[in-house]
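There are 2 protein chains.
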Amino acid sequence: MSHTYEYPRPAVTVDCVVFGLDDEDLKVLLIQRGVEPYAGRWALPGGFVRMEESLEDAARRELEEEAGLRTSHLEQLYTFGAPERDPRGRVITVAYFALVKLSAHHLQAATDAREAAWFSVWDTPKLAFDHADVLATALQRLKGKVRYQPIGFELLPPKFTLSQLQRLYETVLERELDKRNFRKKILAMDLLEELDEVEQDVSHRAARLYRFDHKKYKQLEKAGFNFEL
Amino acid sequence: MSHTYEYPRPAVTVDCVVFGLDDEDLKVLLIQRGVEPYAGRWALPGGFVRMEESLEDAARRELEEEAGLRTSHLEQLYTFGAPERDPRGRVITVAYFALVKLSAHHLQAATDAREAAWFSVWDTPKLAFDHADVLATALQRLKGKVRYQPIGFELLPPKFTLSQLQRLYETVLERELDKRNFRKKILAMDLLEELDEVEQDVSHRAARLYRFDHKKYKQLEKAGFNFEL
DNA sequence: CCAAAAGTGTTGGTTCTACACCCATGT
DNA sequence: ACATGGGTGTAGAACCAACACTTTTGG
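Protein sequences, first through last, are from chains A and B. Read in order, the letters of the first sequence correspond to residues -14 to 214 in our numbering. Read in order, the letters of the second sequence correspond to residues -14 to 214 in our numbering.
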């Protein structure tokens, strides 16, 4: 079956930059391409937008299909449309930006033929198409946004220590933070619920666990409160 | 001539939200539609993306064609792709956000058949398609961005008074600012060049004119300086 | 001389930064 | 007992918000 139009039309895809955090580093999910162009190269998960689905639905579908994962945070990043960005012809891609709790989705294998794997964002293989630009844009967005929106929590398990949280910020922002000042500031926002639990199986004093209080944040947000750093 | 593809493809357009500032208010540029759908309704300037041009080039071309204007500041805003946003079928639009010095482009007539006009952003007619959403998104972006990027200057003539600048911020942010604090803060950034000129033809004490120093800003930016409010 | 907007400093409160030691736990 | 990271307070500097009067100019 084929489709005919009076004027030529670009193809439209979505691509997803999915970030996860493990003990070592900030990671991005990549898929190894099986076919030309760029066969064998690693690329961002993504694919063509179907006629009846929204852009965001397309992004969610591709993530499910290619990596078997669901994400709590998904937002549109930027649309890349340089005429020569795909050697097959004019392809415009709407890039999305996702955060997942890597602790949950441990080393998920791709459900279709292709390989999926997590790479350190500071050390990825050479990427297909203009995906290096897309990744760079996503990193910039993450770095900017993490400071004034409480999205960092989407990268951590539901219960976390303040040190984990601090390491997250240090990793994303690429600079060290002062422990005492960091704790003061984040606790002063009154968005963390202090639990009666401590971490397990560590060979030193166990740290207290906290949980991010989404409900409280929504309330404060309405009242004009602004999360910051 | 017609074009055939194996799979159906959405059409892709660009739409531009162009802001300008005059003595009264923040304005947005609208075009009256001549044809169905939404014939007679006002809409954002825009049109189909050609196969050989980039998205940004398309936005610039449409602005030139539909309103005869060039803009200093043009950035991508968001991509709108709900399946039912255009009654003619699947049309994905990449929205752009532009700022122009209204003082220069005085009441420019459209170069093609359609009417173009400036409307107060707080009081527009009913818009075609989902353009009200697009406009709302653009306003939100402007409000957010004006505080941490010196883009407000793109709305003012090259030489302006501090009161004009303050009014700009008050209009965009929808709140009053303290005159002394505002002046202190903006002058402390050392980004304004104080000219040996004052405004003309006012029936009260004439205010000193200033110019924004783009070069100095670029330098400071590289050195890690952050513009803020 | 009146109207209109330009221009100008200080104070008190809040927030930010820098900084070092003791504590709890597991090996 | 030692190694590892957990947890805590203070002081000085910078920044922010609130606030009112005098000056200049044109009509």
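The C-beta atom is built at its ideal place from N, Cα and C for all residues, glycine as well.
Under 7 Å Cβ-Cβ, which residues of chain A neighbour residue i?
i: B:Q61; result: Y63 and T64
i: B:E(-9); result: S(-13)
i: B:A67; result: S39
Mind checking whether residue i and residue j have CB atoms under 9 Å apart?
i: A:S57; j: A:E178; result: no
i: B:Y195; j: B:L162; result: no
i: A:L87; j: A:W107; result: no
i: B:L59; j: B:A80; result: no
i: B:E51; j: B:R99; result: yes
i: A:G31; j: A:E47; result: yes
i: A:I122; j: A:V(-3); result: Before going on, a small fix: residue 122 of chain A reads as Thr here, not Ile. No; because the gap between Cβ atoms is not below 9 Å, this pair is not in contact.
i: A:L176; j: A:L205; result: yes
i: A:L11; j: A:T156; result: yes
i: A:R126; j: A:P(-7); result: no
i: B:Q61; j: B:F33; result: no
i: A:L150; j: A:G129; result: no
i: A:L6; j: A:L120; result: no
Could you work out which residues of chain A lie near residue i, taking near to mean beta carbons separated by less than 8 Å?
i: B:V157; result: In chain order: nothing, as chain A lies at least about 18 Å away.
i: B:P22; result: Correct list: empty, because the minimum Cβ distance to chain A is about 17 Å.
Using the C-alpha atoms, what's the distance from residue j back to residue i?
i: A:R26; j: B:R168; result: 54 Å
i: B:A24; j: B:A101; result: 14 Å
i: B:L215; j: B:A192; result: Look at the range of chain B in this structure, -14 to 214, and you will see that residue 215 of chain B is not part of it.
i: A:L14; j: A:A117; result: 13 Å
i: A:T(-11); j: B:K201; result: 53 Å
i: A:L84; j: B:K207; result: 29 Å
i: A:R132; j: A:Y154; result: 9 Å
i: B:T64; j: A:F210; result: 28 Å
i: B:C1; j: B:S(-13); result: 28 Å
i: B:Q185; j: B:K144; result: 12 Å
i: B:F4; j: A:A89; result: 45 Å
i: A:N166; j: B:I171; result: 29 Å
i: B:L124; j: A:E182; result: 45 Å
i: B:D198; j: B:D42; result: 27 Å
i: B:P(-5); j: A:R152; result: 43 Å
i: B:H189; j: B:S39; result: 49 Å
i: A:E159; j: A:D8; result: 15 Å
i: B:L214; j: B:R35; result: 39 Å
i: A:M174; j: A:K164; result: 16 Å
i: B:E37; j: A:S105; result: 35 Å
i: A:F212; j: A:V187; result: 31 Å
i: B:P135; j: A:P135; result: 25 Å
i: A:V(-1); j: A:E(-9); result: 25 Å
i: A:K203; j: B:K203; result: 37 Å
Against residue i, what residues of chain B qualify as contacts under a CB-to-CB distance less than 8 Å, listed in chain order?
i: A:R126; result: Correct list: empty, because the minimum Cβ distance to chain B is about 13 Å.
i: A:R(-6); result: H(-12), Y(-10), R(-6), P(-5), A(-4) and V(-3)
Indicate whether the contact test is met: 3 or more Cβ pairs, each with one atom in the stretch 16 to 28 of chain B and one in the stretch 14 to 29 of chain A, closer than 8 Å.
-> no
May I ask you to list, following chain order, the residues of the stretch 31 to 42 of chain B that have a beta carbon less than 8 Å from some beta carbon of chain A?
-> Along the stretch 31 to 42 of chain B, the positions whose C-beta sits under 8 Å from a C-beta of chain A are F33, V34, M36, E37, E38, S39 and L40, read in chain order.
Counting pairs of beta carbons, one from the stretch 107 to 125 of chain A and one from the stretch 68 to 82 of chain B, are three or more of them closer than 8 Å?
-> no
Just by C-beta distance, which residues in the stretch 72 to 83 of chain B are closer than 8 Å to chain A?
-> R75, I77 and V79
Can you give me, in chain order, the residues of the stretch -4 to 10 of chain B that have a beta carbon less than 8 Å from any beta carbon in chain A?
-> A(-4) and V(-3)
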